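Peer 1:
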Amino acid sequence: MVARQSQLFIPTLREDPADAEAVSHKLLVRGGYIRQVSAGVWTFQPIGWRVHRKVEQIVREEMDAIGGQEMLMPVLTPVELWETTGRVSIPELFHLEDRSGRRFILPFTHEETVTFHAREIKSYRELPKILYHFSVKDRDEPRPRGGLLRVREFIMKDAYSFDRDEKGVLTSFEAHREAYKKIFARCGLETYDVQAESGVMGGKFSVDFLAPSGSGENTLVTCENGDYAADLEVARAVPREPRFPERLDAPTEVETPGVATIEALATLLGIDDAATSKAMPVVTEGGTLVLALVRGDDRLSETKLYDALRGASRPATGEEIRAAFGAGGGSLGPIGFEGEIVADEALREGQFVAGANRDGWHLRGVEAGRDYEPRFADLREPREGDRCPECGGALRFRTAIEVGHIFNFGTFYSGPLEATFLDEDGSEKPLLGGSYGIGPGRVLAAAVEQHHDERGILWPDAIAPYDAHVLALHGGSSEVLGVAEELAAGLDEAGLGVILDDRDERPGEKFADADLLGCPVRVTVGRKTLEDDAVDVRRRAETTDLRIARGDVLKWVQDR
Numbered sequence: 001m002v003a004r005q006s007q008l009f010i011p012t013l014r015e016d017p018a019d020a021e022a023v024s025h026k027l028l029v030r031g032g033y034i035r036q037v038s039a040g041v042w043t044f045q046p047i048g049w050r051v052h053r054k055v056e057q058i059v060r061e062e063m064d065a066i067g068g069q070e071m072l073m074p075v076l077t078p079v080e081l082w083e084t085t086g087r088v089s090i091p092e093l094f095h096l097e098d099r100s101g102r103r104f105i106l107p108f109t110h111e112e113t114v115t116f117h118a119r120e121i122k123s124y125r126e127l128p129k130i131l132y133h134f135s136v137k138d139r140d141e142p143r144p145r146g147g148l149l150r151v152r153e154f155i156m157k158d159a160y161s162f163d164r165d166e167k168g169v170l171t172s173f174e175a176h177r178e179a180y181k182k183i184f185a186r187c188g189l190e191t192y193d194v195q196a197e198s199g200v201m202g203g204k205f206s207v208d209f210l211a212p213s214g215s216g217e218n219t220l221v222t223c224e225n226g227d228y229a230a231d232l233e234v235a236r237a238v239p240r241e242p243r244f245p246e247r248l249d250a251p252t253e254v255e256t257p258g259v260a261t262i263e264a265l266a267t268l269l270g271i272d273d274a275a276t277s278k279a280m281p282v283v284t285e286g287g288t289l290v291l292a293l294v295r296g297d298d299r300l301s302e303t304k305l306y307d308a309l310r311g312a313s314r315p316a317t318g319e320e321i322r323a324a325f326g327a328g329g330g331s332l333g334p335i336g337f338e339g340e341i342v343a344d345e346a347l348r349e350g351q352f353v354a355g356a357n358r359d360g361w362h363l364r365g366v367e368a369g370r371d372y373e374p375r376f377a378d379l380r381e382p383r384e385g386d387r388c389p390e391c392g393g394a395l396r397f398r399t400a401i402e403v404g405h406i407f408n409f410g411t412f413y414s415g416p417l418e419a420t421f422l423d424e425d426g427s428e429k430p431l432l433g434g435s436y437g438i439g440p441g442r443v444l445a446a447a448v449e450q451h452h453d454e455r456g457i458l459w460p461d462a463i464a465p466y467d468a469h470v471l472a473l474h475g476g477s478s479e480v481l482g483v484a485e486e487l488a489a490g491l492d493e494a495g496l497g498v499i500l501d502d503r504d505e506r507p508g509e510k511f512a513d514a515d516l517l518g519c520p521v522r523v524t525v526g527r528k529t530l531e532d533d534a535v536d537v538r539r540r541a542e543t544t545d546l547r548i549a550r551g552d553v554l555k556w557v558q559d560r
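Sequential numbering from 1 applies to the sequence shown in the working numbering.
Below you can see the structure in the form of structure tokens.
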């Protein structure tokens with residue numbers, strides 16, 4: 001059925017929302033696709049929901065193709081499930097009580113619930129299983145921003161696999177990886193599947209699907225030669241070589257009064273800031289103070305530190321630092337510290353200037369292995385100028401949107417929830433699980449970020465709200481409108497999705513709205529059509545019209 005624009009609810013705007021920074025935020029609001037209810041809470045208006053459903057259908061088809069079974073699990077979840085797995089204290093969880101005082105949560109993922117159901121799997125003969133659903137998720141996000149990029153409520157397709165052994169786990173994981181590649185390609189997105197962290201959802205190993213964009217929460221690191229890609233949080237990189245001073249046989253003290261920054265230290269001593277080390281004392285969840293060391297010109301990656309310490313940590317307080325080192329924050333170093341030291345790999349070779357653990361003093365010529373014994377780990381955050389760890393090529397850093405995340409969590413949930421099966425040898429074993437998420441709203445936003453111009457959205461064909469936008473510049477002429485209706489009906493009968501702008505508006509208003517909405521092709525019918533039986537056609541990405549015979553429109557659209 002042809003959609004008549006005069007009857008549709010598409011409130012377009014000419015100006016960007018005052019608080020919008022991301023292009024997708026601006027254009028989706030201006031195009032009438034979404035509207036904000038409160039911070040991080042959005043309504044998909046009819047035309048926006050139409051795009052969302054197209055993304056959903058692509059996801060559904062590819063999930064079904066690898067054996068996924070669609071279901072629907074509730075949003076309202078008994079708190080006991082999350083208490084059993086130890087995740088109930090995650091700050092992003094919404095908590096509520098019913099009138100009887102029974103506690104519930106509104107989850108942002110469904111590992112606990114699906115594992116609860118998987119307890120009905122009894123035998124290895126019933127494995128593997130892939131279960132998925134599209135469900136509302138809630139997240140107590142403290143700083144919503146970017147329209148659909150960081151929200152408090154969203155719809156997610158989350159799938160879960162259950163297997164009997166590691167071979168099956170890997171098979172399920174790779175099946176989802178390939179399915180996701182097909183999904184994003186069909187949606188018209190440029191994406192990279194990269195190593196990632198598992199985050200608060202647990203996990204053994206994980207992969208993010210990142211879509212480069214002008215806005216986003218992630219940074220995609222890629223090699224100029226195409227042989228390496230990773231999320232910045234876990235990316236490996238080779239830093240530039242430091243310019244070291246002359247080598248010393250032993251550390252030598254140097255007075256550094258009032259020096260509290262690496263820049264000031266390097267300037268005072270006339271050395272390369274890469275030839276210094278930076279000390280960051282942290283306290284683990286168990287209360288142990290650990291000294292983290294990186295090169296002076298590097299930043300410590302919180303994610304990598306979490307992995308190196310196998311858990312969360314916090315910066316040590318001034319009192320804790322003074323008690324452990326005998327000095328304040330600007331003069332700390334590894335020599336003389338009796339606790340654990342975790343040093344970045346870049347400190348493995350060479351001599352560096354480090355704090356002397358005496359206020360206003362530093363040590364020249366500090367060398368790992370000779371002067372202190374650290375545990376080495378990759379702690380630094382990659383940055384511009386670094387080289388590829390695979391080939392030495394230059395690394396590129398691009399803002400990106402995480403549109404998908406897949407990871408395996410082993411027995412993280414099946415263990416505490418007692419989801420077990422009988423294996424072929426008769427032994428009882430816990431199910432091995434995997435989790436696979438896609439946010440259709442983020443896919444939609446990423447598509448806008450990657451496909452737009454100064455006039456509006458350029459939807460990829462597969463997820464466009466309509467295939468063709470027919471504009472009737474009738475100016476009150478029923479004859480012109482009749483020709484446009486006939487043309488739109490012909491396209492509709494051929495199986496195309498068609499929106500007909502039959503409104504009694506000025507041509508400029510119609511053209512501006514068509515550009516904002518971003519349908520792949522535009523067909524314009526005007527008074528001149530009555531004279532030459534031709535219409536103007538244009539692909540949305542183009543800037544000029546082509547005049548063709550009215551009878552050739554269907555073929556032109558199908559051949560585009």
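Even glycine gets a Cβ: it sits at the ideal position worked out from N, Cα and C.
All figures in this text were calculated on a predicted structure; none of them were measured in a lab.
1. On the DSSP letters alone, give me the boundaries of the alpha helix (DSSP H) that Q57 sits inside.
2. What does L289 pair with, by DSSP beta-bridge criteria?
3. Rounded to whole angstroms, what is the Cα-Cα separation between G202 and A327?
4. Measuring straight from C-alpha to C-alpha, what distance separates E531 and G518?
5. Which residue's Cα is closest to the Cα of K129: D138, V114, P142 and E141?
6. Figure out for me which residue from P91, R103 and F134 has the closest Cα to the Cα of H110.
7. Suppose contacts are defined by Cβ-Cβ distances below 8 Å. Is V523 in contact with V537 by that definition?
8. Helix, strand or coil for W459, going by three-state DSSP, please let me know.
9. Report the rounded CA-to-CA distance for R560 versus K304, giving the unit in angstroms.
10. Taking C-alpha atoms, which residue in V79, E97 and D98 lies nearest to S589?
11. Using a Cβ-Cβ cut-off of 6 Å (strictly less than) and excluding sequence neighbours within five positions of P242, which residues of its own chain qualify?
12. What whole-angstrom Cβ distance do Y132 and A159 have, given they're in contact under 8 Å?
13. Roughly how far, in whole angstroms, is the beta-carbon of P251 from the beta-carbon of L363, given that I think they are within contact range, below 8 Å?
14. Leaving out the 5 sequence neighbours to the left and right, which residues in its chain are closer than 8 Å to A316 when beta-carbon positions are compared?
15. Along the chain, where does the alpha helix (DSSP H) containing H133 start, and where does it finish?
16. By alpha-carbon positions, which one of V29, E126 and A230 ends up nearest to A400?
17. I need the DSSP call for M1, collapsed to helix, strand or coil.
18. Is P257 buried or exposed, if buried means 16 or more other CB atoms sit within 10 Å of its CB?
19. Nearest-angstrom Cα distance between E255 and G287?
20. Put D19 into one of helix, strand or coil per three-state DSSP.
21. With three or more beta-carbon pairs closer than 8 Å as the criterion, would you say the region 492–503 touches the region 1–9?
22. Can you tell me the Cα-Cα spacing of Q351 and S277, whole angstroms?
23. Let me know the alpha helix (DSSP H) ranges lying completely inside the region 93–132, each 4 residues or longer, listed in chain order.
24. Taking 6 Å as the limit between beta carbons, can you name the residues of its chain near P46, skipping five residues before and five after?
25. Once the 5 residues before and after F205 are set aside, which same chain residues still bring their CB inside 7 Å of it?
26. Can you tell me whether DSSP reads G439 as helix, strand or coil?
27. If you drop the 5 nearest sequence neighbours on each side, which residues of the same chain put their C-beta closer than 8 Å to that of E15?
28. For G40, which of T12, Q57, G214 and K137 has the nearest alpha-carbon?
29. Classify L248 as buried or exposed, calling it buried when 16 or more other Cβ atoms lie within 10 Å of its own Cβ.
30. Report yes if the C-beta distance between R506 and T529 is below 8 Å; otherwise report no.
31. On a Cα-Cα basis, can you pick out the residue from R527, P334 and L487 that is closest to G476?
32. Are the Cβ atoms of A196 and V234 separated by less than 8 Å?
33. Could you name the residues of the same chain whose beta carbon sits closer than 7 Å to that of H452, not counting the 5 residues immediately before and after it, in chain order?
34. With which residues is K181 paired in a DSSP beta bridge?
35. Roughly how many angstroms lie between the CA atoms of D423 and A65, to the nearest whole one?
36. Return the CA-CA distance between G385 and D193, expressed in angstroms with no decimal places.
Peer 2: To lay it out plainly:
1. Counting from 1 along the sequence shown, the entry for residue 57 is found at position 57. Taken as a continuous stretch (DSSP letters only), the alpha helix (DSSP H) holding Q57 covers P46 to A65.
2. Translated into positions along the sequence shown, residue 289 becomes position 289. L289 is bridged to V283.
3. For the purposes of this step, residue 202 is taken as residue 202 along the sequence shown, with counting starting at 1. For the purposes of this step, residue 327 is taken as residue 327 along the sequence shown, with counting starting at 1. Summary for G202: the model assigns pLDDT 49, below 50, so the residue's position carries little reliability; its value from the coordinates is reported in the next sentence. Distance between the alpha carbons of G202 and A327 is about 38 Å.
4. On the sequence shown, position 531 is the one that residue 531 refers to. On the sequence shown, position 518 is the one that residue 518 refers to. Those two C-alpha atoms are separated by around 29 Å.
5. The count along the sequence shown starts at 1 and reaches residue 129 at position 129. When only C-alpha atoms are compared, the closest one is V114.
6. Working through the sequence shown from its first residue, we reach residue 110 at position 110. Among P91, R103 and F134, the Cα nearest to that of H110 is on F134.
7. The sequence position of residue 523 within the sequence shown is 523, counting from 1. The sequence position of residue 537 within the sequence shown is 537, counting from 1. For V523 and V537, yes; Cβs fall inside 8 Å.
8. Mapped onto the sequence shown, residue 459 falls at position 459. Three-state result, W459: coil.
9. As a position in the sequence shown, residue 560 is number 560, starting the count at 1. As a position in the sequence shown, residue 304 is number 304, starting the count at 1. Near 48 Å, if we compare the C-alpha coordinates of K304 and R560.
10. Only positions 1 to 560 of the chain appear in this structure, which leaves residue 589 out of reach.
11. Sequence index remark: in the sequence shown, residue 242 carries index 242 (1-based). Result list for P242: D272, A274 and A275, in chain order.
12. Locating residue 132 in the sequence shown gives position 132, where the first residue counts as 1. Locating residue 159 in the sequence shown gives position 159, where the first residue counts as 1. About 4 Å separates the two Cβ atoms, so the contact holds.
13. The residue given as residue 251 occupies position 251 in the sequence shown. The residue given as residue 363 occupies position 363 in the sequence shown. Going by Cβ atoms, the distance from P251 to L363 rounds to 4 Å, so yes, they are a contact pair.
14. The count along the sequence shown starts at 1 and reaches residue 316 at position 316. Once the five neighbours on either side are set aside, the close Cβ partners of A316 are P281, V282, V283, L289 and A324.
15. Residue 133 sits at position 133 when you count from the first residue of the sequence shown. Segment K129 to D138 is the beta strand (DSSP E) holding H133; no alpha helix (DSSP H) there.
16. Taking the first residue of the sequence shown as 1, we reach residue 400 at position 400. Out of V29, E126 and A230, A230 has the C-alpha closest to the C-alpha of A400.
17. Locating residue 1 in the sequence shown gives position 1, where the first residue counts as 1. Reduced to three states, the DSSP call for M1 is coil.
18. Walking along the sequence shown from the start, residue 257 turns up at place 257. Burial call: exposed.
19. Here residue 255 refers to the residue found at position 255 when the sequence shown is read from its first residue. Here residue 287 refers to the residue found at position 287 when the sequence shown is read from its first residue. Each residue's alpha carbon lies about 33 Å from the other.
20. Within the sequence shown, the letter at position 19 stands for residue 19. Three-state DSSP puts D19 in coil, outside helix and strand.
21. yes
22. Mapped onto the sequence shown, residue 351 falls at position 351. Mapped onto the sequence shown, residue 277 falls at position 277. Using only the alpha carbons, I get a separation of about 9 Å.
23. 111–118
24. Stepping through the sequence shown from its first residue, residue 46 is reached at position 46. If we look at P46 and ignore the five residues flanking it on each side, its Cβ neighbours are F9.
25. Looking up residue 205 in the sequence shown gives position 205. For F205, where only same-chain residues beyond five positions count, the Cβ hits under 7 Å are F407 and N408.
26. Reading the sequence shown from its first residue, position 439 is the one you call residue 439. Of the three classes helix, strand and coil, the one that applies to G439 here is coil, per DSSP.
27. Within the sequence shown, residue 15 is the residue found at index 15, counting from 1. Excluding positions up to five away in sequence, the list reads R30.
28. Translated into positions along the sequence shown, residue 40 becomes position 40. Per the Cα distances, K137.
29. Along the sequence shown, one-based indexing puts residue 248 at 248. Result: exposed.
30. Here residue 506 refers to the residue found at position 506 of the sequence shown. Here residue 529 refers to the residue found at position 529 of the sequence shown. Against a cut-off of 8 Å, the Cβ pair of T529 and R506 comes out as no contact.
31. On the sequence shown, position 476 is the one that residue 476 refers to. The option with the nearest alpha carbon to G476 is R527.
32. Reading the sequence shown from its first residue, position 196 is the one you call residue 196. Reading the sequence shown from its first residue, position 234 is the one you call residue 234. Closer than 8 Å, so yes.
33. Indexing the sequence shown from 1 puts residue 452 at position 452. The answer, listed in chain order, is V23, L27 and L458.
34. Counted from its first residue, the sequence shown places residue 181 at position 181. According to DSSP, which records beta bridges pairwise, K181 is partnered with nothing at all.
35. Taking the first residue of the sequence shown as position 1, residue 423 is located at position 423. Taking the first residue of the sequence shown as position 1, residue 65 is located at position 65. If you take the alpha carbons of D423 and A65, they lie about 27 Å apart.
36. Here residue 385 refers to the residue found at position 385 of the sequence shown. Here residue 193 refers to the residue found at position 193 of the sequence shown. Taking the straight line joining both Cα atoms gives about 23 Å.
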